[in-house]
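Quick note on this note's numbering: the sequence shown kicks off at 1067 and runs consecutively. Backbone N, C-alpha and C fix where the C-beta goes; we use that ideal spot for every residue, glycine too. Note that the coordinates shown come from a computational prediction; the quantities given were computed from them, not determined experimentally.
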Amino acid sequence: MVPKLLIDALVEAKRVAALTGAGISAESGIPTFRGQGGLWEGYSVEKVATPEGFEKDPAMVWRFYDERRVNISKAKPNRAHEVLALMENFYDMWVITQNIDGLHSRAGSNNVIELHGNIWRVKCTECGISYYNYEVPLREIPPRCKRCSGLLRPDVVWFGEPVYDMDKAYSIAESCDVMFVIGTSAQVYPAAYIPRVAWSHGAKVVEINPEETPVSSYADFIFREPATKAMDEIYKELLKVFQEE
Ligand code: NAD
Ligand code: ZN
C-alpha cells in the first residue's frame, strides 16, 4: 500500500531525487557489501579498496575489479532502476548513487551523480586522463594508459579518498521536494548526510530498505520491502495520478 500522503507529496513535487546504494542492484544479482566480516566477495577491503592496497599489488586489485566487471556486464537493470528512469517523464529527476555499476545509466536515467565513480572508467596514475573502457575480461592486467603507457587504476573512490560531485549532490538535496533513499545502509559518509540535508530543507524522505538504517529514525515514509516491489507499486500510483488528468 502506498500511503495517500506520499501520493499527495508526489503530485505536488517538481524536483525529485533518489539516493541509491548497493541494495538497489541486489535484485540484479550484484552482491551488496556489508555483513561479510570485512570481506568483499572474499577479498579484504583494505587490500582491494584503498590506495595503499593498490600501490602494494595493482595486479591483485585489478583481478578483483575485472571479476566484478565480468559479473556486472552480465547483470541487467531491474524494475527499481527502470522506475527511477521513467520518473524523468514527470519530474526534474536526479539520481545520486554510491554504486559504481553504471546500471542507472543503462536503465535510461540521464541525471546521474556517481559519488563513488564508475567501474567502467579507468584513470591513469601518471598523466591523470580518465576514460571509459568496456573490455571484459581485460586482456592485460594491470591495464596501461593508451596515451602514456602509465599504470591505470579503476576510476572508483576508495576508502580515504574524496567522493565526486558532493557539492552538486548537496545542492540537489537542498532543493528537492521528495527524496527516495533506496538500498543503502547509510553508514558510509559523506553520502549518508545527503538524505538528512534533504529532510532538514523540508523534503519528504522515503526509505526503501528491508532493514532498518539510521535514515529510518527521521524518514517520513518507510517501505520495508525489496526495491523492485516498492518502486513498482509507487510507479503504478503515479501513473494513475498523471494519466487521469
Ligand atoms: P551496503 O552494502 O552497505 O548496504 C546495502 C543496503 O541495501 C542494506 O541496508 C540492505 O538492507 C539493503 N538491501 C539489500 N537488498 C535490498 C533490496 N532488494 N532492496 C532494497 N534494499 C536492499 O551498501 P551501500 O550503502 O551502498 O554502501 C556500500 C559501499 O560499497 C558503497 O560505497 C558502494 O560504492 C560500494 N558497493 C557498490 C556496489 C554496486 O555498485 N552495485 C556493490 C557493493 C558495494
Ligand atoms: Zn596516461
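Could you tell me if residue i is buried or exposed, where buried requires 16 or more neighbouring beta carbons within 10 angstroms of its beta carbon?
i	result
Tyr1198	exposed
Gly1119	buried
Val1244	buried
Val1136	exposed
Cys1190	buried
Pro1143	buried
Gly1268	exposed
Ser1251	buried
Does the distance from the CB of residue i to the CB of residue j come in under 8 Å?
i	j	result
Ile1162	Ile1179	yes
Arg1210	Tyr1157	no
Thr1098	Ala1092	yes
Val1271	Pro1280	no
Ile1185	Tyr1131	yes
Asp1167	Ile1096	yes
Arg1213	Ile1195	yes
Gly1226	Thr1116	yes
Which residues in the same chain as residue i place their Cβ atom closer than 8 Å to its Cβ, once the five residues preceding and following it in sequence are excluded?
i	result
Ser1175	His1147, Leu1150, Ala1151, Glu1154, Met1159, Val1161
Leu1181	Ile1162, Thr1163, Gln1164, Val1223, Val1229, Tyr1230, Asp1231, Met1232, Ala1235, Ala1257
Pro1069	Phe1287
Val1307	Ile1073, Leu1076, Val1077
Ala1125	Ile1207, Pro1208
Ignore the nearest five residues each way along the sequence and tell me which others in residue i's own chain have a CB closer than 7 Å to its CB.
i	result
Leu1304	Leu1076, Phe1156
Pro1203	Asp1132, Val1136
Val1254	Gln1164
Thr1294	Glu1093, Asn1144, Arg1145, Ala1146
Asn1177	Met1159, Trp1160, Val1161
Can you find the residues in the same chain that come closer than 6 Å, C-beta to C-beta, to residue i, ignoring five residues on each side of it along the sequence?
i	result
Val1247	Leu1085, Pro1261, Glu1273, Val1281
Sequence ranges, alpha helix (DSSP H) only - wholly within the stretch 1181 to 1252, length at least 4: As far as the stretch 1181 to 1252 is concerned, its whole alpha helix (DSSP H) runs of at least 4 residues are 1232 to 1241.
Run the Cβ filter for me: residues under 6 Å from any heavy atom of ligand 2, listed in the order they occur in the chain. The set of residues whose C-beta lies within less than 6 Å of a heavy atom of ligand 2 reads, in chain order, Cys1190, Glu1192, Cys1193, Ile1195, Cys1211, Arg1213, Cys1214, Gly1216.
Just to confirm the assignment: which complete beta strand (DSSP E) runs, minimum length 3, are found wholly within the stretch 1122 to 1165? Taking only runs of at least 3 residues, the beta strand (DSSP E) segments lying wholly in the stretch 1122 to 1165 are 1158 to 1163.
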